[in-house]
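In my numbering, the protein residues as written are 1326 to 1414.
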């Protein structure tokens, strides 16, 4: 079956709309995933820091305190760094 130019443009337009919808859906999923992981991180970080601080060590002694990048991951912690550090030595 031969497609004429009009049919071709209709098909291209439909394909473009489908691709746009898929792209939007993927973007929404990624945003929801990042939000979920950020909330999970907020809840787990204080206890994780306490555990690692208590149990973790290097070959030469204590672990250093976490650097500022730790507190910026997944959009950052909504807890003051000083307050969070109360959980570590």
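Glycine included, every Cβ here is placed at the ideal spot set by N, Cα and C.
Is the segment 1350-1363 touching the segment 1393-1400 in the sense that three or more CB pairs, one from each, lie closer than 8 Å? As far as the Cβ criterion goes, the segment 1393-1400 touches the segment 1350-1363, which means the pair count is three or higher.
Cα separation between residue 1348 and residue 1338?
For this step, residue 1348 is matched to residue 23 along the chain shown. For this step, residue 1338 is matched to residue 13 along the chain shown. Taking the Cα positions, residue 1348 is about 15 Å away from residue 1338.
Exercise for review: Pick out whichever of 1391, 1350 and 1355 has its Cα sitting closest to the Cα of residue 1377.
Suggested key: As a working note, residue 1377 is residue 52 in the chain shown. Taking the Cα of residue 1377 as reference, the smallest distance to any Cα among 1391, 1350 and 1355 is reached at 1391.
Checklist entry - Does the distance from the C-beta atom of residue 1382 to that of residue 1388 stay below 9 Å? => result For the purposes of this step, residue 1382 is identified with residue 57 of the chain shown, where counting begins at 1. For the purposes of this step, residue 1388 is identified with residue 63 of the chain shown, where counting begins at 1. Yes. Within cutoff.
Practice task
Measure the alpha-carbon distance for residue 1335 versus residue 1351 and round it to whole angstroms.
Solution key: On the chain shown, residue 1335 is found 10 positions in, with the first residue counted as 1. On the chain shown, residue 1351 is found 26 positions in, with the first residue counted as 1. Rounded to whole angstroms, residue 1335 to residue 1351 spans 24 Å at the Cα level.
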